[in-house]
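Below is one structure, written out as structure tokens, with a few remarks after it.
There are 2 protein chains.
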Amino acid sequence: MAPSPPITLKRLAEATGVHPSTVSRALNEKTRHLVAADVAERILAAAQALGYTPNRLAASLRTGRSRLIGVILPDIANPVFSPILGGIAEVLAAAGYSPVVADAGDDTSLQTLFVDNLINHQVDGLILATVTREDGVVSHCLARGVPVVLVNRFEQRGRVSAVVSDDAAGMCLAVDHVVAQGHAVIGHVAGPHHLSTGELRRSGYGAAMARHGLAPHVEEAERYAREAGIGPALRLLDTVPGLTAILAANDLLALGVYDALHSRGLSCPGDISVVGHNDMPLVDLVAPPLTTVRISHRDMGREAARLLLEEIADGADVRRRIVLPPELVTRASTGRPSGGAGRRFVTPLGGRPDGLPPFRRQKRPGLGD
Amino acid sequence: MAPSPPITLKRLAEATGVHPSTVSRALNEKTRHLVAADVAERILAAAQALGYTPNRLAASLRTGRSRLIGVILPDIANPVFSPILGGIAEVLAAAGYSPVVADAGDDTSLQTLFVDNLINHQVDGLILATVTREDGVVSHCLARGVPVVLVNRFEQRGRVSAVVSDDAAGMCLAVDHVVAQGHAVIGHVAGPHHLSTGELRRSGYGAAMARHGLAPHVEEAERYAREAGIGPALRLLDTVPGLTAILAANDLLALGVYDALHSRGLSCPGDISVVGHNDMPLVDLVAPPLTTVRISHRDMGREAARLLLEEIADGADVRRRIVLPPELVTRASTGRPSGGAGRRFVTPLGGRPDGLPPFRRQKRPGLGD
DNA sequence: TTGCTTTTTACAATCGATTGCAGGCAGGCT
DNA sequence: AGCCTGCCTGCAATCGATTGTAAAAAGCAA
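Going line by line, the protein sequences match chains A and B.
Residue 285 in this note's numbering sits at position 267 of the first sequence; the count goes up by one each step and never skips.
Residue 366 in this note's numbering sits at position 348 of the second sequence; the count goes up by one each step and never skips.
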């Protein structure tokens, strides 16, 4: 079955008795008008019959456009990034492009290595989901002259286009929500400050608190991971008297807050209300179902891909930032504060008070955002 | 900053005063010995100084090997497939290959389209996670003479290598577990029979039940999705007297079983024990935490990539099937059956009895497995 | 010095498609 | 008939790296 000699343009030309260049023109939509209609038809028919498939490599080499887009992620398996990749793949496919993905983790030098590798593959552009607020990888891409779009996070200096969620506004929604429920002493488990998401959510929290005339209480987590949320949550519980709500910068951190509450024998939302960020899959199923700020990661991926394709088409001097509006999803982890009635601790039959299983250490640190 | 004229082999040759072919040989580890040591050193230095980066496209065109691997998934964002992709990317990167991914959904014609596109990009091989038991896409790949490895699912005819979990053994673990707890009337919510996972888990269930001398009760779900699990679960509840346990072919289906139990006012594990399959992220956090059969999807991806690279290196006439052993993870959704005491229905304060939120329709149908 | 082997380097073809340029041919016009 | 215009098609260079072969240079023995 395997066609011993692969069908090339030249072979098609021989088969139809014309020059390869004529075949090329006939096969290309845009140049077909340069070829006599009957000849074009004959060529098309022959291509069909022989099962011709163009070698994109050769075309790319000649034209300088590979129709490949490099995508660099910190963690493919993370529920935040896989929908982003899905959105990217969707838009790229519709435009005839394909994503080449690299799972680069947090290591900048590794990221740079992947960038170089992708550039060697002559990708037409890059989408980075890995950047920190001051990012050397972006500089590297810029130096190499490749169109770049950032997604989910962006860099401080704004040298390239980015698609992000309105992180500050998201925290605003969260603060307003719990304030409306009657909370006044509200803490924040912040994300890493070197990531734009961490920084902006923290400042959004601060601004919203100030607007309500409330004092901020912030503890920063080292990473976006469940375990990393426990310590900061405990510190808030220990140092902030009268605390009734904790807003986490991320759903995984919120789950860490759950762990912390349990270890202190506190209930949610009875004693402490909790809000997350991202609306990861299944957080509507944890106990209690998590109130969180929903971000459409798939949409972010889509927009990022669209933006990049535009920049590639237009010559890369647009440089925009697209900010997607987040949305609050109210579930059962938030409620009115138990006004001074003291903290209750109820144990339902045969289970942990909050339904949480014992803490299980993850092998791969959950990164996130 | 952007280097106006990209550095090519020829330019490097001019800079060092030798012929391009000599530069090529000096740069390639394997041919460097053909070049005088001092010349080679000079060339390396110049390459370093000028920031030379090879054009892989050109090399691929000449050598016929692109170092690109196509990966076709039914759903990138699905928690089953994203770790698989992660494992693939990990192994490929270590070997100097890059994955080009396509999110092709369930549509065979679309899958074929993607396959052709990837082949046009001259990928050195393909990894398919989409195949059904009788798969036309595999035939297509075979006809086009591209090395192929299947992952997670495999096709009936076994024409190509595959890496899968031991689905039958997994169901065996599940059956043995609930039988050991004292259950005797045990139902199975099966996955689609046109997928190897659905078929094998179903037959594994059947075999294990037979071994224990128990009668099987099977209802098949149309898709691997939470919603798709509800109907079959209800049918089991309605038609199987004395039912005390339901084994789902998939975690998402198991969550659908939860929904069904709730709609009938039944508790888990009080009235019905439930077992899932896959150990998706966060199923340890739902209420009650799900007992499930763990599959290391990341390992599956790794093995698939390794297998494919081997086949590419050895000439593709190996054709193996790697079967990974699954593992039972016992959590709180299974327990001793409440021997004939009748079904209790307990409503904890201010929540649904099982802690489940109202059913929320997903926009994208969860595929899975 | 001659002759022969062994390095080392240059030449040129090649992978497959694209594209500027020129040439051929037909038809229309004067 | 002569000339011009416009439509098709062929020619050949090109993208950048790889590689078989030939040639040049160097080394060595006699």
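Where a beta carbon is used, it is the ideal one built from N, C-alpha and C, also for glycine.
Residue i - DSSP class collapsed to helix/strand/coil
{"i": "L265(B)", "result": "strand"}
{"i": "D121(A)", "result": "strand"}
{"i": "M86(A)", "result": "This sequence places Leu at residue 86(A); Met is not what is there. If DSSP states are grouped into helix, strand and coil, L86(A) belongs with the strands."}
{"i": "L255(A)", "result": "helix"}
{"i": "G294(B)", "result": "strand"}
{"i": "L146(A)", "result": "strand"}
{"i": "A233(B)", "result": "coil"}
{"i": "E240(A)", "result": "coil"}
Min CB distance residue i to chain B below 7 Å
{"i": "T352(A)", "result": "no"}
{"i": "T71(A)", "result": "yes"}
{"i": "P9(A)", "result": "The structure shown has nothing for residue 9(A), since chain A only spans 19 to 387."}
{"i": "A323(A)", "result": "no"}
{"i": "I101(A)", "result": "Strictly speaking, residue 101(A) in this sequence is Pro, with Ile absent from that position. Judged by the 7 Å Cβ criterion, P101(A) is in contact with chain B."}
{"i": "A67(A)", "result": "no"}
{"i": "R74(A)", "result": "yes"}
{"i": "A267(A)", "result": "no"}
{"i": "I87(A)", "result": "no"}
{"i": "G104(A)", "result": "yes"}
{"i": "I94(A)", "result": "yes"}
{"i": "L300(A)", "result": "yes"}
With 16 other Cβ atoms within 10 Å as the buried cut-off, status of residue i
{"i": "A147(A)", "result": "buried"}
{"i": "Q174(A)", "result": "exposed"}
{"i": "T352(A)", "result": "buried"}
{"i": "S285(B)", "result": "buried"}
{"i": "T81(A)", "result": "exposed"}
{"i": "A246(A)", "result": "buried"}
{"i": "T262(A)", "result": "buried"}
{"i": "S183(A)", "result": "buried"}
{"i": "D269(B)", "result": "buried"}
{"i": "T348(B)", "result": "exposed"}
{"i": "N46(B)", "result": "exposed"}
{"i": "P343(B)", "result": "exposed"}
{"i": "R35(B)", "result": "Note that residue 35(B) corresponds to Gly in the displayed sequence, not to Arg. Flag for G35(B) reads exposed."}
{"i": "G209(B)", "result": "buried"}
{"i": "R229(A)", "result": "exposed"}
{"i": "A305(B)", "result": "buried"}
Beta carbon proximity, residue i to chain A, threshold 7 Å
{"i": "Q140(B)", "result": "yes"}
{"i": "D121(B)", "result": "yes"}
{"i": "L327(B)", "result": "no"}
{"i": "A305(B)", "result": "yes"}
{"i": "L168(B)", "result": "no"}
{"i": "L79(B)", "result": "yes"}
{"i": "I290(B)", "result": "no"}
{"i": "A107(B)", "result": "yes"}
Any non-hydrogen atom of the ligand ATP closer than 6 Å to residue i Cβ
{"i": "D277(B)", "result": "The ligand ATP is absent from the structure shown, which contains no ligands of any kind."}
Mind pulling the beta strand (DSSP E) runs of 3 or more residues that sit fully within the stretch 148-206 of chain A? 166-169 and 179-183
May I have a chain-ordered list of the alpha helix (DSSP H) segments no shorter than 4 residues that lie completely inside the stretch 296-350 of chain A? 315-332
Do the stretch 338-346 of chain B and the stretch 179-195 of chain B touch if we need at least three Cβ pairs shorter than 8 Å? yes
contact_flag[the stretch 186-196 of chain A, the stretch 206-226 of chain A] where n(CB pairs < 8 Å) is 3 or more: Enough Cβ pairs lie closer than 8 Å, so yes.
Please go through the stretch 36-122 of chain B and give each complete alpha helix (DSSP H) segment of 4 or more residues, from N-terminal end onward. 38-45, 55-68, 74-81 and 99-112
With a cut-off of 8 Å, do at least 3 Cβ pairs link the stretch 119-137 of chain A to the stretch 152-163 of chain A? yes
For the stretch 123-143 of chain B against the stretch 74-86 of chain A, are there 3 or more C-beta pairs whose distance is under 8 Å? Yes, since at least three Cβ pairs between the stretch 123-143 of chain B and the stretch 74-86 of chain A fall closer than 8 Å, the two stretches touch.
At a cut of 8 Å, does the stretch 287-295 of chain A reach the stretch 51-70 of chain B through at least three beta carbon pairs? no
Cβ pair count under 8 Å reaching 3, the stretch 201-221 of chain A against the stretch 246-265 of chain A: Segment contact: the stretch 201-221 of chain A against the stretch 246-265 of chain A, three or more CB-CB distances shorter than 8 Å; contact assigned.
Is the stretch 100-113 of chain B close to the stretch 84-103 of chain A, with three or more CB pairs under 8 Å? yes
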